[in-house]
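As given, the protein sequences belong to chains D and B, one line each in that order.
So the first sequence is numbered by this note's numbering: it starts at -4 and just counts up by one.
So the second sequence is numbered by this note's numbering: it starts at -4 and just counts up by one.
Okay, structure first, notes after.
2 protein chains.
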Amino acid sequence: MTTRRATISDVARAAGVAPSTASVVFSGKTPVSQATRSKVLAAAEELGYTGPDPRAASLRRGRSGIVAVVFEGPLGSAFLDPVQRLMMDGLTEAVAPLGAGLLLLHDPVEAGEASSEAPTLTTAPIDAAVLIGCSPVLRSSLEAVQARGIPVVVIEGDAGEGVPRIALDNREAQRRAAEHLQGLGHERVVIVTLALDKRRESRWLRGSDDITVDVTRDRLAGARDVYPDAPAFAASSSTIDGGTAAGRAVLADPATRPTAVIAQSDLLAAGIIRAAEELGLRVPEDLSVTGFDGIPVDGLAPYELTTLVQAATAKGRAAGAVIAAMLDEREPTSLMFTCEFRLGNTTAAVTT
Amino acid sequence: MTTRRATISDVARAAGVAPSTASVVFSGKTPVSQATRSKVLAAAEELGYTGPDPRAASLRRGRSGIVAVVFEGPLGSAFLDPVQRLMMDGLTEAVAPLGAGLLLLHDPVEAGEASSEAPTLTTAPIDAAVLIGCSPVLRSSLEAVQARGIPVVVIEGDAGEGVPRIALDNREAQRRAAEHLQGLGHERVVIVTLALDKRRESRWLRGSDDITVDVTRDRLAGARDVYPDAPAFAASSSTIDGGTAAGRAVLADPATRPTAVIAQSDLLAAGIIRAAEELGLRVPEDLSVTGFDGIPVDGLAPYELTTLVQAATAKGRAAGAVIAAMLDEREPTSLMFTCEFRLGNTTAAVTT
DNA sequence: TTGTAGGCGTTATCAC
DNA sequence: GTGATAACGCCTACAA
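Given below as structure tokens:
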């Protein structure tokens, strides 16, 4: 039974029609008489032919129906972040009408590591690529992709001149949160940032630190626009547990304890609140906490974070739309989303 | 500039070699003299050729380097579940050596819904498919895939005879948890199950309910092996919040309140614990709670769930291995993983 | 409405 | 180490 699988020509022959006719029956691009159609279908059934081979079709059409999504770091942890999940939902939704599905890819590993056989932006049969953030390594492999005329979009990152971006007003938004705290009279404020890099070290930021992640840098800048001297502590990861650890560190010393914490994500904020509770601090009476993202935090009730709501799903959809435009040879446009300030019950006026 | 993109033949011509030679330079499958190699590379550089077109290569090779992962329901919510995330990590890891990446697909929508252009198992250029669970709808589209000789594996589901399965000893494992509670003297026990179906209705199970999800059914059976009459409440989703809601319902009435709750997932267990706390119940003194999965629950500390630890990552890896075997024309074997009982601090002897 | 022809870009095979 | 040849399986003009 190592016999060759049936092709559309086999089917056509069996049905007594031309291959092109059989093709048309399957693609439906051209009207076909009912008689021919059923002849062909019958022959296909007979031969166990289940439709055109997608590989061949994709060569012929020049489209594979696959859009790559490139993450930094391990895939599993990419989905730890609720914002990413929503973004993926939006993206899925937006590429579906293009007849496309999402191929998960990650950052090309640095030279040293086992450069396995894993597929990459350049070896996978993709129609377009969406980058989630853009590390320097990634940036280099981009050229080849663009040289091929494959549309690329970057979400929350900077991939250089030719690449349209979907971004957030991170700095302005974070500044608004800071202003809100300022308005409440807070003066001793600490910022808890997203993870600095892949090493995911949890520690106080130093002046000398060069922050490479755009989101982190921009949100930090926004907070510092209002509180130029606020110390910042980098969490190990944007999770509740990461926030709790950061919270413990930040709130440890009663002498230097801040009256408000600006967290760069809702999950971090949730963790910080938990750390505060551990220490017997009441939120918001003893400590105000702001988040960022505006996602539902599983298990945070009864708190409702004061936070910046970002349109995560819309970001994904927008990326899809940009790709659709580029695939269509229309001019892509970068897009900047604006966060909405949402007042919750985790911030209050500073008590004297 | 609508000029055709350079092909490998163009490069070969420019370099003054045969196309096959140029091909070999890029694939590295055959030794090539240093001189030829650099001639070819130079020509490629010159023409802006960045390597073979993956679409053409995949037609020629008969491999696309793409493995489909089919989820039930929206993608974003698939990743809500930490177990799925770990599984995906394992899968990613296991298919990388195959030179493959993962294409996200979801259940074919039922006839009614907008049957968009979205790619499907049959239209995407895939080398293999991994099903996460197996709904009846899905089962039907499987035939076509298998007819093409595309390897298929199902994780936690039953896709019929020819499809190898990666599964868990759900029933036995859950039974062990129940026996543990029984050993502690618990008699009034309630089971909180995973969501029943897509409607995600939160409610008490009725005898007439026909549970279609294998995992849910098997775990329930395991619990009922020990507590045949234990009432069961279906949560709306396997989340902390879903567990909290279920917990409130289940613990509401002091008269009928159970002394132990068997939750079908760790997240549910975490939520139930939270609900118990709300009601002023102490865990484990007033209420014992068992989970299932053995995943780290973000923000659950200081509790450590008594739970069944499943090797989520290993499941993914196993699925990858099975696929590798099938792609290699070796005989695939179904695999059953065994959960390990882990004693935490959320169960205790019933107090009289 | 159906058939003919040609090529999409690559690579496996085999001879040289 | 290099080159010629022949598919891989399909689809789209275009002609009939």
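Each residue gets a CB set at the ideal place from its N, CA and C atoms; glycine is no exception.
- Item | Of the residues B:Gln29, B:Leu276, B:Thr302, B:Ala241, the one placed nearest Glu254 (chain B), counting alpha carbons only | One-based indexing of the second sequence puts residue 254 (chain B) at position 259. Here the sequence assigns Thr to residue 254 (chain B), which means Glu is not the residue at that position. The option with the nearest alpha carbon to Thr254 (chain B) is B:Leu276.
- Task: Per DSSP, which residues does Phe332 (chain B) bridge with? Please list them.
- Result: To locate residue 332 (chain B), count along the second sequence from 1; it is residue 337. DSSP lists B:Leu163 as partners of Phe332 (chain B).
- Task: Tell me whether Pro297 (chain D) is buried or exposed, calling it buried when 16 or more other Cβ atoms sit within 10 Å of its Cβ.
- Result: Your numbering for residue 297 (chain D) matches position 302 in the first sequence. With fewer than 16 Cβ atoms within 10 Å of its Cβ, Pro297 (chain D) is classed as exposed.
- Task: Assign Gly43 (chain D) to buried or exposed, taking buried as 16 or more other Cβ atoms, counted over all protein chains shown, within 10 Å of its Cβ.
- Result: As a position in the first sequence, residue 43 (chain D) is number 48, starting the count at 1. So Gly43 (chain D) counts as exposed.
- Query: Hey, is Arg0 (chain D)'s beta-carbon within less than 8 Å of any beta-carbon in chain B?
  - Reply: If you number the first sequence from 1, residue 0 (chain D) lands on position 5. So yes, Arg0 (chain D) belongs to the interface.
- Item | Cutoff 8 Å: Ala95 (chain D) Cβ touching any chain B Cβ | For the purposes of this step, residue 95 (chain D) is identified with residue 100 of the first sequence, where counting begins at 1. For Ala95 (chain D), the answer is yes, since a Cβ of chain B falls inside 8 Å of its Cβ.
- Compute the Euclidean distance between the alpha carbons of Ala319 (chain D) and Gly286 (chain D), then round it to the nearest angstrom. The count along the first sequence starts at 1 and reaches residue 319 (chain D) at position 324. The count along the first sequence starts at 1 and reaches residue 286 (chain D) at position 291. Distance between the alpha carbons of Ala319 (chain D) and Gly286 (chain D): 33 Å.
- Nearest CA to the CA of Ala265 (chain D): which residue from D:Glu196, D:Asp288, D:Asp5, D:Ala247? Locating residue 265 (chain D) in the first sequence gives position 270, counting from the first residue. The shortest Cα separation from Ala265 (chain D) among D:Glu196, D:Asp288, D:Asp5, D:Ala247 belongs to D:Asp288.
- Using a Cβ-Cβ cut-off of 8 Å, state whether Asn340 (chain B) counts as contacting chain D. Here residue 340 (chain B) refers to the residue found at position 345 of the second sequence. No, no contact with chain D.
- Query: When you compare only the Cα positions, how much space is there between Gly57 (chain B) and Ser130 (chain B)?
  - Reply: Within the second sequence, residue 57 (chain B) is the residue found at index 62, counting from 1. Within the second sequence, residue 130 (chain B) is the residue found at index 135, counting from 1. Approximately 29 Å between the Cα atoms of the pair.
- Whose C-beta lies closer than 7 Å to the C-beta of Val221 (chain B) among residues of the same chain, with five residues either side of it excluded? If you number the second sequence from 1, residue 221 (chain B) lands on position 226. Same-chain partners within the cutoff: Arg170, Ala173, Glu174, Gln177.
- May I have the straight-line CA-CA distance separating Arg8 (chain D) from Gln29 (chain D), to the nearest angstrom? Residue 8 (chain D) sits at position 13 when you count from the first residue of the first sequence. Residue 29 (chain D) sits at position 34 when you count from the first residue of the first sequence. Using only the alpha carbons, I get a separation of about 18 Å.
- Message: Among B:Ala119, B:Ala270, B:Phe66, B:Ala38, whose alpha-carbon lies nearest the alpha-carbon of Ser53 (chain B)?
- Response: For the purposes of this step, residue 53 (chain B) is identified with residue 58 of the second sequence, where counting begins at 1. It is B:Ala119 whose Cα lies nearest to the Cα of Ser53 (chain B).
- Exposed or buried, what is Ser203 (chain D) when buried is set at 16 or more other beta-carbons lying within 10 Å of its beta-carbon? To locate residue 203 (chain D), count along the first sequence from 1; it is residue 208. The residue is exposed, with fewer than 16 neighbouring Cβ atoms inside 10 Å.
- Query: Using a C-beta cutoff of 8 Å, does Asp288 (chain B) count as contacting chain D?
  - Reply: As a position in the second sequence, residue 288 (chain B) is number 293, starting the count at 1. Not one chain D Cβ lies under 8 Å of Asp288 (chain B).
- Query: Taking Cβ positions only, does Arg143 (chain B) come closer than 8 Å to chain D?
  - Reply: If you number the second sequence from 1, residue 143 (chain B) lands on position 148. Answer yes: the Cβ-Cβ gap between Arg143 (chain B) and chain D drops below 8 Å somewhere.
- Considering only the beta carbon of each residue, do Ala27 (chain D) and Val19 (chain D) sit closer than 8 Å? Locating residue 27 (chain D) in the first sequence gives position 32, where the first residue counts as 1. Locating residue 19 (chain D) in the first sequence gives position 24, where the first residue counts as 1. Sequence inspection shows Val at residue 27 (chain D); the Ala mentioned does not correspond to that position. Yes, the Cβ-Cβ distance between Val27 (chain D) and Val19 (chain D) is below 8 Å.
- Do the segment 62 to 78 of chain B and the segment 79 to 95 of chain D touch if we need at least three Cβ pairs shorter than 8 Å? yes
- Query: Which residues of chain D have a Cβ atom closer than 7 Å to the Cβ of Thr234 (chain B), listed in chain order?
  - Reply: On the second sequence, residue 234 (chain B) is found 239 positions in, with the first residue counted as 1. What Thr234 (chain B) touches in chain D: Asp293.
- Item | Buried/exposed call for Val132 (chain D), threshold 16 Cβ in 10 Å | Numbered from its first residue, the first sequence carries residue 132 (chain D) at position 137. Exposed, since its Cβ has fewer than 16 Cβ neighbours within 10 Å.
- Counted within 10 angstroms of its Cβ, other Cβ atoms place Pro159 (chain D) as buried (16 or more) or exposed: For the purposes of this step, residue 159 (chain D) is identified with residue 164 of the first sequence, where counting begins at 1. Buried.
- Residue-level contact to chain D via CB, Glu108 (chain B), 8 Å cutoff: One-based indexing of the second sequence puts residue 108 (chain B) at position 113. Caution is warranted here: a pLDDT of 43 is assigned to Glu108 (chain B), below 50, making its placement in the model unreliable, and no coordinate value can be reported.
- Message: Let me check understanding here. Comparing Cα to Cα, which of B:Phe21, B:Leu189, B:Asp164, B:Pro249 lies closest to Val304 (chain B)?
- Response: What you label residue 304 (chain B) is simply residue 309 of the second sequence in a count that begins at 1. Selected option, being the one with the closest Cα: B:Asp164.
- Taking three-plus beta-carbon pairs below 8 Å as touching, is the segment 228 to 237 of chain B in contact with the segment 190 to 206 of chain B? yes
- Is Leu163 (chain D) close to chain B, meaning its C-beta is less than 8 Å from at least one C-beta of that chain? Within the first sequence, residue 163 (chain D) is the residue found at index 168, counting from 1. No, no contact with chain B.
- Euclidean distance between Cα positions of Ala39 (chain B) and Ala10 (chain B): Numbered from 1 along the second sequence, position 44 holds the residue referred to as residue 39 (chain B). Numbered from 1 along the second sequence, position 15 holds the residue referred to as residue 10 (chain B). Cα to Cα, the separation comes out at about 8 Å.
- Message: Under DSSP, the alpha helix (DSSP H) around Ala52 (chain B) begins and ends at which residues?
- Response: Taking the second sequence and counting its residues from 1, the one referred to as residue 52 (chain B) is at position 57. Its alpha helix (DSSP H) spans residues 49 to 56.
- Would you report the Cα separation of Glu299 (chain B) and Glu335 (chain B), rounded to the nearest angstrom? The residue you call residue 299 (chain B) lines up with position 304 of the second sequence. The residue you call residue 335 (chain B) lines up with position 340 of the second sequence. Using only the alpha carbons, I get a separation of about 15 Å.
- Query: Using 8 Å as the limit for Cβ to Cβ distance, is Ile3 (chain B) near chain D?
  - Reply: If you number the second sequence from 1, residue 3 (chain B) lands on position 8. Not one chain D Cβ lies under 8 Å of Ile3 (chain B).
- Message: Classify Lys310 (chain D): buried if its beta carbon has 16 or more other beta carbons within 10 angstroms, exposed otherwise.
- Response: Numbered from 1 along the first sequence, position 315 holds the residue referred to as residue 310 (chain D). Result: buried.
- Item | Minimum length 4: unbroken alpha helix (DSSP H) runs contained in the segment 215 to 269 of chain B | 235 to 246
- Task: May I ask you to list, following chain order, the residues of the segment 73 to 96 of chain D that have a beta carbon less than 8 Å from some beta carbon of chain B?
- Result: Phe74, Leu75, Arg80, Leu81, Met83, Asp84, Thr87, Ala91, Pro92, Leu93, Gly94, Ala95, Gly96
- Query: How long is the line joining the alpha carbons of Gln259 (chain D) and Ala216 (chain D), rounded to whole angstroms?
  - Reply: Taking the first sequence and counting its residues from 1, the one referred to as residue 259 (chain D) is at position 264. Taking the first sequence and counting its residues from 1, the one referred to as residue 216 (chain D) is at position 221. Taking the straight line joining both Cα atoms gives about 11 Å.
- Can you say whether Asp323 (chain D) is buried or exposed, counting buried as having 16 or more other CB atoms within 10 angstroms of its CB? Working through the first sequence from its first residue, we reach residue 323 (chain D) at position 328. When all chains shown are included, Asp323 (chain D) counts as exposed.
- Message: Using the Cβ count rule (16 or more neighbours within 10 Å means buried), how would you classify Met354 (chain B)?
- Response: Chain B is shown only over -4 to 347; residue 354 (chain B) falls outside these bounds and no answer can be derived.
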